[in-house]
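Report on the following structure.
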Amino acid sequence: MLISSVLFVLTFYLLGNLILRRHLFLEKFFIGLVIFYLTLILSNLLGQNYKDYILIIKIICILSFIHFIIIKYDSFIKFKLKKKINFINFFISVFFIILLTENYIDIKLYTLEAGDALAYWFNKTKYFLYSPGLEHFPKPDYPNFLSSIWSFSFYIFEKDYDQSRIIIPLVLFLGILLIFQKIRLIFKDNNIYLNSILFLIILIHFSTYSFAASYRFSNSGYVDGLLSLFLMIGFLYIYLSINNETFNKKDYFFGIVILGISSSIKNEGFVISTAVFFILNLYFYLFFKKKFTDNLNILIVNSLIFLIIIFIPILLSFYLESLKITVSSENIADFINVSNLFKIDLHIERFYLIFRYFLINCYYNLEIFFPLLLILLYKLSLSFIRSKLFILFIGFSLFFVIYLYSLYIVTAFPLEWHLSTSFNRIFFQFIGIFSSFAFLIINYKEKS
Amino acid sequence: MSKKIKNTLSLKNLFICLLIIIIYFNYKGILQNLFFLSKNNNSTNIITKYPEDLEFFNKVINEYFKQDDFSSPTFYFSPHELGIHILGEGYRLNNYRVKKKYLIKNKNSLISVKNIQKNQNNLNIINSERLNIHGLFIDIIDPTKKISYYRKNKSHILDNSKLISCNEIIKKKNFFVSNVENSKKKILSFENCKYYQFSIKNNLLTSINFYKNEKIFFQNIKKIELYGNNLDINSYIILDSDSRNFNYFYAVDSIYVN
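Chains as they are written, first to last, in numbering that gives the first Met the number 0: chain W, 0 to 447; chain L, 0 to 257.
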């Protein structure tokens, strides 16, 4: 399992290495995932066989490896590794491997059984591997990011649907590790122990959070954990790029790509990532007006990139639906009823139940909310309340509450059924961003 | 507050305590589960055996569609019955609606054709019912000549590269689900026996639909046996095959079973 995991990481890193220069290892890894997903979709549209596609990926990786050796030959291993070996890094690495191994054991003991995982994401994974033709594309209106990378794992593990799921916790944990690494790089002089403990708490929460019949977001095959992670990375990178002394284009671009790809993880990702994008840019405009106007051209270009990325799954779905022999009879009105928003009696009727689920889920996610509360209390001061970070936190929290509330007001499904089957998953999609806030607030320093 | 208490209540100490509590509570249940499962693997699956004499899936599917337009049939596959698989596209059944789960064996076996007419080099079959099959066991007259079948005004050549030795198939574990010995006997009686698996692009296994009262002409074939489970499902969707060569089972809600 460890060898396969290393192989996955290296493959995606080498893919990312082709595009990114002077970026962190894990940043390249994540861009590698995006490249893999986009090229797999393209190869499917071109009617290419999966084996041929993987062959191309292998060749690209070999070339990228040669390129990497040539570029990094002088600095390779020599000094950097020694510098990075210390107690905290060693402890975190061991903890990381233990969590991954524990997830692997869990995967081995619990077969692939989660409903949506089988019906949508795994079904799509099989489609990618067998590539039977676009007219057979399962559930075109559902995004394909997880299934595309799962197909690679499925291929490596010789179609073992149980073991192949290891790719999900692996990506999840590496994402949280990337956040931690970035935080350590940006806030160099802050308390490393507090950051490390917070990192471990978040890692454990993402690893063990379970829902429904004890399915875990980390390995059951559901995509909500992954969506939460990508929103977390996108949010943090864009925020840090804005808050830097000089606007960091590199981080902003990375954040835009990762945030945009959220729409390819789950349909909800489209709405949340768009909202996060607007909230952050509004924050940028309101509090850093000069920086905003100075970099307007870059922002416009990046916004266009963001728009293109978030619309990929929608355009793909339209195209694939047009190829289908049987047209889907599903209608948007079957899922949502916007007029509900204006029915006062409905608000009164539904408020209590939604609020109850909200509180229950706050309790389920206490591992994140309690440390966040502690941090907030610890940092509580007049200047903190007036800070931009706190205003952003309040703004985002408001959006979170309004989003959840309005979603269940407009739902056309039976409310109790819908709440019981989806509230915890929708709620968890925001946990990543709240984890980012925990990191940001813990590292917040008052300006003297 | 004294300095000592302040130090004890520092954020760092609180966080360490919190981490320990989280590890304890989050992993307590997980470790108990692991211990339980490692001791008694699969004991959680209580499955009712599906009555063997019931007509196979079509009946279940027909029943299902009549009763529920919202969902397409839900199948639990596996060796462990745990997974949910969807036939075609659509919503799965909600768990609370499944009262009792039945285990259904994947009935891949020989499907006998009642009306067979033999000529010198040809074999004509007329189906009295609609059949969905995955492959053909054929007894070839002359292995050097091409083998083909003719249906819907179109001739289809059975590609030599896709003809598998029957002995190889017979050795395959769980290839026949019912009447195993009888099926093997029938196949072994073929002199030049080959198995032909229908497939689409990329050798993806598929089922093929023979209509009711349809005439199909086979050339260069002496004897024939059809193979499949009579289900109109693309094999990649539901008739999964994995590296461990498991035979598959399906379960449906009891209300959909006669």
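Backbone N, C-alpha and C define an ideal beta-carbon position, used for all residues, glycine too.
What residues are listed by DSSP as bridge partners for residue i?
| i | result |
| --- | --- |
| E224 of chain L | L:F136 |
| R150 of chain L | L:K153 |
| R215 of chain W | W:S209 |
| Q218 of chain L | L:N121, L:S147 |
| Y467 of chain W | This structure cannot settle anything about residue 467 of chain W, because the visible part of chain W is limited to 0 through 447. |
| K193 of chain L | L:I137, L:S164 |
| I278 of chain W | For I278 of chain W, which the question treats as bridged, DSSP gives no partner whatsoever. |
| N114 of chain L | L:I125 |
| T410 of chain W | W:I335 |
| F262 of chain L | Summary: the structure shown does not reach residue 262 of chain L, with chain L confined to residues 0 through 257, and so no result is reported for it. |
Which residue marks the beginning of the alpha helix (DSSP H) containing residue i, and which one marks its end?
| i | result |
| --- | --- |
| Q180 of chain W | 166–185 |
| L117 of chain W | From DSSP, L117 of chain W is part of no alpha helix (DSSP H); its letter is neither H nor E. |
| K378 of chain W | 365–378 |
| T292 of chain W | 288–293 |
| K249 of chain W | 248–260 |
| N242 of chain W | 223–242 |
| Y160 of chain W | Segment: none, Y160 of chain W is in no alpha helix (DSSP H) and carries neither H nor E. |
| Y126 of chain W | 122–129 |
| Y154 of chain W | 144–155 |
| I186 of chain L | 179–187 |
In the DSSP assignment, find the beta strand (DSSP E) that holds residue i and state where it starts and stops.
| i | result |
| --- | --- |
| L122 of chain L | 121–125 |
| I110 of chain L | 108–110 |
Evaluate residue i with the Cβ neighbour count: other Cβ atoms within 10 Å of its Cβ, from every protein chain shown; 16 or more gives buried, anything less gives exposed.
| i | result |
| --- | --- |
| S152 of chain W | buried |
| G15 of chain W | buried |
| I186 of chain L | buried |
| L258 of chain W | buried |
| D68 of chain L | Bear in mind that the predicted position of D68 of chain L carries a pLDDT of just 37, short of 50, making it too unreliable to give a figure here. |
| Q162 of chain W | buried |
| R21 of chain W | exposed |
| E267 of chain W | buried |
| L184 of chain W | exposed |
| Y192 of chain W | exposed |
| F179 of chain W | buried |
| S150 of chain W | buried |
| F438 of chain W | buried |
| W416 of chain W | exposed |
| L25 of chain W | buried |
| D188 of chain W | exposed |
Would residue i pass as an interface residue toward chain W - the criterion being a Cβ-Cβ separation below 8 Å?
| i | result |
| --- | --- |
| Y255 of chain L | At Y255 of chain L the pLDDT is 45, less than 50, meaning the model places this residue with poor confidence and gives no usable figure here. |
| I140 of chain L | no |
| I4 of chain L | no |
| K58 of chain L | Note on K58 of chain L: pLDDT 47, under 50, position unreliable in the model; no value is reported. |
| K11 of chain L | yes |
| F197 of chain L | no |
| I22 of chain L | yes |
| F189 of chain L | no |
| N121 of chain L | no |
| I207 of chain L | no |
| F217 of chain L | no |
| F34 of chain L | no |
| F14 of chain L | yes |
| N212 of chain L | no |
| I29 of chain L | yes |
| Y131 of chain L | Note on identity: in this sequence residue 131 of chain L is Asn, with Tyr being the wrong assignment. Not an interface residue. |
Between residue i and chain L, is any beta-carbon pair separated by less than 8 Å?
| i | result |
| --- | --- |
| F350 of chain W | no |
| Y362 of chain W | no |
| I196 of chain W | yes |
| Y145 of chain W | Note that residue 145 of chain W is Leu in the sequence shown, not Tyr. Chain L, which has no Cβ nearer than 8 Å to the Cβ of L145 of chain W, makes this no. |
| I34 of chain W | no |
| P312 of chain W | no |
| T207 of chain W | yes |
| N190 of chain W | yes |
| P370 of chain W | yes |
| Y453 of chain W | The structure shown does not extend to residue 453 of chain W, since chain W is modelled only from 0 to 447, so the question has no answer here. |
| I203 of chain W | yes |
Using only the heavy atoms of the ligand SAH, determine whether one of them is closer than 7 Å to the beta carbon of residue i.
| i | result |
| --- | --- |
| Y402 of chain W | This structure lacks the ligand SAH, and indeed carries no ligand of any kind. |
If you scan the stretch 4–89 of chain W from start to end, which runs of the alpha helix (DSSP H) of 4 or more residues do you find wholly inside it? 24–44, 49–71, 79–83
Fully enclosed by the stretch 383–429 of chain W, which beta strand (DSSP E) runs are 3 residues long or longer? none
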